[in-house]
Structure formats: C-alpha cells, structure tokens
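One structure is given below, encoded as structure tokens.
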Amino acid sequence: MSQQSEAQTPATQAQAQPEMLYLPETMKNWPWPRAINPYYEEVTLESNAWFKSFKPFNARSQYAYDLCDFGEEHLRTGIDLMNVFFVVDEYTDVEPLAVVKEMIGIVIDALHNPSKPRPEGEIVLGEITRQFWARGEKTATPEAAKHFVEAFTDYLNSVIVQAGDRDDDKIRTVDEYLQTRRENIGARPSYVPGELHLSIPDYAFYHPVMKELEYHIADLIILDNDIASYNKEQATGDDRHNILTVVMNQFNLPLPEAMKWVVKYHEEVEAKFLDGLKRVPSWGKEIDDQVAVYIEHIAGWPRCNDCWNFESGRYFGSKGLEIQKSRYVPLLPKRKLATHLHKENVDVPIVDSL
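Numbering-wise (the working numbering), the sequence shown opens with residue 67 and increments by one.
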C-alpha cells in the first residue's frame with residue numbers, strides 16, 4: 067500500500083471532522099445578571115422526590131430526566147411547574163393529534179379542578195397536575211391564581227396545535243410560528259411564580275403595554291431556547307417547531323445565515339422591551355410597586371433561560387459549561403427516536419449518547 071493511500075488527504079481530513087454549530091452569545095448585553103435563589107438546591111430535591119413518586123418514566127428515561135436540573139413555597143411551585151412542563155412535553159411529543167387532545171383534556175380538567183379526585187386508571191398527567199396546583203394554589207393570591215390558570219390553559223391548548231403541525235408535517239412562517247410558540251414555550255405560566263404573592267388587578271396586568279413586555283420576553287426565551295435546542299432537535303427529527311428551521315424554510319437560507327437572522331431579530335426584540343419599559347402607565351403607588359416587582363421578575367427570565375440552557379444538561383449533556391465558553395458544538399448525527407414507546411416508556415434521549 068502506498069504512503070499516499072495510507073495518509074489522509076486534506077479533503078478526507080475535512081470529512082472526518084464533525085460539522086460545528088456556532089451558538090452566538092445573544093445575552094451578552096442583557097442588563098439583568100444571573101442570580102439564583104438560596105433555597106434552590108433544597109427545594110429542588112423536594113420537588114424532584116415528589117415528581118419521581120409518580121414513576122412517569124421507565125428507568126432509562128428517568129435517568130435522562132435526572133441529568134436535567136430543573137430547580138420556600140413559591141419557589142417550590144416554580145420548580146414543580148418545570149417538572150409538569152417536562153412530563154407533558156415528553157408524553158405528548160410522540161402522540162398523534164387525537165391522543166394529544168385526550169391527554170390535554172385530562173390535564174386541563176385537573177388544573178381547573180384540583181380538589182377533584184382523578185379517575186382510577188387515568189394517565190398519570192392528571193394526578194401530577196392536580197397535586198401540583200392543589201399545592202400551588204394555596205400560596206397564591208386570587209389574582210395570581212386566576213392569571214396562572216388562564217396562562218397554563220393557553221399553553222396546554224397550544225400543545226394541541228403543535229401536535230396538529232407534527233401530524234401534518236407543517237412548518238410555519240416566522241409570524242405564524244412566533245404567534246403559537248409564544249404560548250407553546252410556556253413562558254406566560256412560568257412568569258406566575260414570581261407573581262404568586264402579588265395582587266395586580268386585571269386592568270393593570272392585562273394592559274397592552276404589560277402584555278407587550280411579556281411577549282417580548284417570551285420571544286427572547288423562544289429564540290435562545292431554539293438556538294440551544296436545535297442540535298438535539300435536528301438529530302432526533304423534532305425541529306419543525308424551531309425558529310432556525312422556520313427561518314431556513316421560509317427564506318431559503320443555510321443554517322449559518324439563519325442563525326444570523328435570529329441574532330439580529332433577538333437584538334430588535336431586546337430594544338423593543340427596553341423601550342416598552344418607558345411606556346408602562348402609572349396606577350398609583352400600591353399597584354405600581356407590585357408591577358415593578360413583576361416586571362423585574364420577567365426581565366430576569368431570559369437570563370435564567372440562557373443559563374439553564376447550558377447548566378441543566380438537557381441540550382448539551384455534561385459539556386454545557388464547556389460549550390457555553392467555546393460557543394461551538396459538534397452537529398449531532400441523525401438518530402431515530404423510538405416513537406413506538408409511549409407514556410411511562412417514552413424515549414427521553416440522553417444527550418451525551420446521541
């Protein structure tokens with residue numbers, strides 16, 4: 067064998083190198099820094115123990131879940147909510163529209179009737195949701211409880227929309243995608259744990275400027291979440307509901323150019339949020355003080371989300387902090403998920419093994 071045939075040519079060397087995905091540092095200019103609740107670790111252990119008691123996943127998928135780090139009283143509600151989001155997401159992502167409608171109907175009924183016992187033999191989503199909100203509602207003001215139920219119901223209905231898109235293999239336009247994803251990302255119900263102790267009246271909470279601020283924050287969360295999750299989603303064939311796929315499809319752009327488009331849009335949304343802060347009306351000192359607390363809470367969410375993307379293990383496995391520094395991640399090869407596995411046997415992939 068000749069020396070030339072044994073050695074790799076530059077072309078074959080290039081082919082041997084995995085394609086790298088660049089993750090822009092979109093949050094570098096965001097004014098709100100990283101912060102963490104001092105009770106986080108203690109309350110996370112309590113919430114995770116409660117969640118595991120339902121045995122919602124088989125051993126392998128529970129292990130994959132445990133690699134994702136989600137997490138007194140209001141903090142517990144927030145961490146429990148992340149667990150509820152996770153199990154609803156994993157259970158519904160592999161089901162057709164008709165089954166998703168049935169599952170979501172159960173969850174909505176449990177949410178609206180947390181004191182009603184769930185039927186024997188019902189899917190575990192109902193009892194998880196019932197226990198979650200039966201506990202959370204006790205620590206919420208009437209105003210906050212109402213806002214949460216409305217927001218979480220909107221989120222749940224958006225899961226049905228996503229299932230329909232999945233069945234139809236539909237990729238939306240950017241505007242269509244953001245409209246449904248603002249609910250589907252779960253941002254609005256996630257804001258509420260920061261509101262549980264507040265009594266913001268509807269005329270202030272639902273004021274157009276306040277809603278505008280909420281949706282700008284939701285958009286930032288969407289964009290950063292989609293950038294972080296794209297690698298895992300494209301590898302497992304679940305990237306229809308991702309802004310990068312949507313932009314590539316609508317504007318016929320390659321991935322690097324789609325990423326630039328998303329970064330530019332991210333900058334525009336940041337500017338809109340900061341401008342919106344200047345237009346928040348005054349409703350008198352008592353309400354204004356509560357509104358200021360709420361706005362400060364939602365303004366911290368994009369930073370929280372960005373940190374979680376890299377620290378949790380959900381999207382980058384054990385290499386999250388390393389990738390957060392380098393901003394480069396090898397593009398994962400395609401892997402077919404076991405879509406025949408459902409409910410407690412759903413296939414939750416371990417990122418490090420993809």
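All C-beta atoms in this analysis are idealised placements derived from N, C-alpha and C, irrespective of residue type, glycine included.
Spatial neighbours of Glu72 in its chain, beta-carbon cut-off 8 Å, leaving aside the 5 residues before and after: Along the sequence shown, one-based indexing puts residue 72 at 6. With a pLDDT of 43 at Glu72, under the threshold of 50, the modelled position of this residue cannot be trusted; read the value that follows with caution. Around Glu72: no qualifying Cβ.
Does the Cβ of Met86 have 16 or more other Cβ atoms within 10 Å, making it buried, or fewer, making it exposed? If you number the sequence shown from 1, residue 86 lands on position 20. Exposed, since its Cβ has fewer than 16 Cβ neighbours within 10 Å.
Out of His213, Thr239, Phe317 and Asp146, which has the shortest C-alpha to C-alpha gap to Tyr272? Working through the sequence shown from its first residue, we reach residue 272 at position 206. Here the closest residue by C-alpha is His213.
Please tell me whether Gly321 and Asp292 are closer than 8 Å, where the distance is taken between their beta carbons. Position 255 of the sequence shown holds residue 321. Position 226 of the sequence shown holds residue 292. The identity of residue 321 in the sequence shown is Leu, whereas the question assumes Gly. It is not a contact, given that the beta carbons lie outside the stated cut-off.
Quick check: the Cα distance between Asp268 and Glu209, rounded to an integer number of angstroms? Translated into positions along the sequence shown, residue 268 becomes position 202. Translated into positions along the sequence shown, residue 209 becomes position 143. When rounded, the distance between both Cα atoms is 8 Å.
Does Pro396 come out as helix, strand or coil in the three-state DSSP assignment? As a working note, residue 396 is residue 330 in the sequence shown. Strand at Pro396.
Boundaries (first-last residue) of the beta strand (DSSP E) holding Tyr88: Within the sequence shown, residue 88 is the residue found at index 22, counting from 1. Segment Met86 to Tyr88, the beta strand (DSSP E) holding Tyr88.
Once the 5 residues before and after Leu222 are set aside, which same chain residues still bring their CB inside 8 Å of it? Sequence index remark: in the sequence shown, residue 222 carries index 156 (1-based). Answer for Leu222: Val154, Ile170, Val173, Ile174 and Leu177, listed in chain order.
For Glu388 and Glu377, the rounded distance between their alpha carbons: Within the sequence shown, residue 377 is the residue found at index 311, counting from 1. Within the sequence shown, residue 388 is the residue found at index 322, counting from 1. Straight-line Cα distance between these residues: approximately 10 Å.
Which runs of the alpha helix (DSSP H) at least 4 residues long sit entirely within the region 358-398? Give them in chain order. Counting only runs of 4 or more, we get 367-377 and 386-392.
Alpha carbon to alpha carbon, how far is Gln197 from Asp135? Give it in angstroms, no decimals. Stepping through the sequence shown from its first residue, residue 135 is reached at position 69. Stepping through the sequence shown from its first residue, residue 197 is reached at position 131. Here Asp135 scores only 43 on pLDDT, less than 50, and its place in the model is too uncertain to base an answer on.
Could you name the residues of the same chain whose beta carbon sits closer than 6 Å to that of Trp349, not counting the 5 residues immediately before and after it, in chain order? If you number the sequence shown from 1, residue 349 lands on position 283. The answer, listed in chain order, is Ala270.
Could you tell me whether the region 280-287 touches the region 367-377, using the rule of 3 or more Cβ pairs below 8 Å? yes
Look up Phe214 in the DSSP assignment and say whether it is helix, strand or coil. Locating residue 214 in the sequence shown gives position 148, where the first residue counts as 1. Here Phe214 sits in helix by DSSP.
Have a look at Met148 and Asp159 and give me their C-alpha separation to the nearest angstrom. Mapped onto the sequence shown, residue 148 falls at position 82. Mapped onto the sequence shown, residue 159 falls at position 93. If you take the alpha carbons of Met148 and Asp159, they lie about 16 Å apart.
Leaving out five residues before and five after Pro90 in sequence, what residues of the same chain have Cβ atoms less than 6 Å from its Cβ? If you number the sequence shown from 1, residue 90 lands on position 24. Same-chain partners within the cutoff: Val329.
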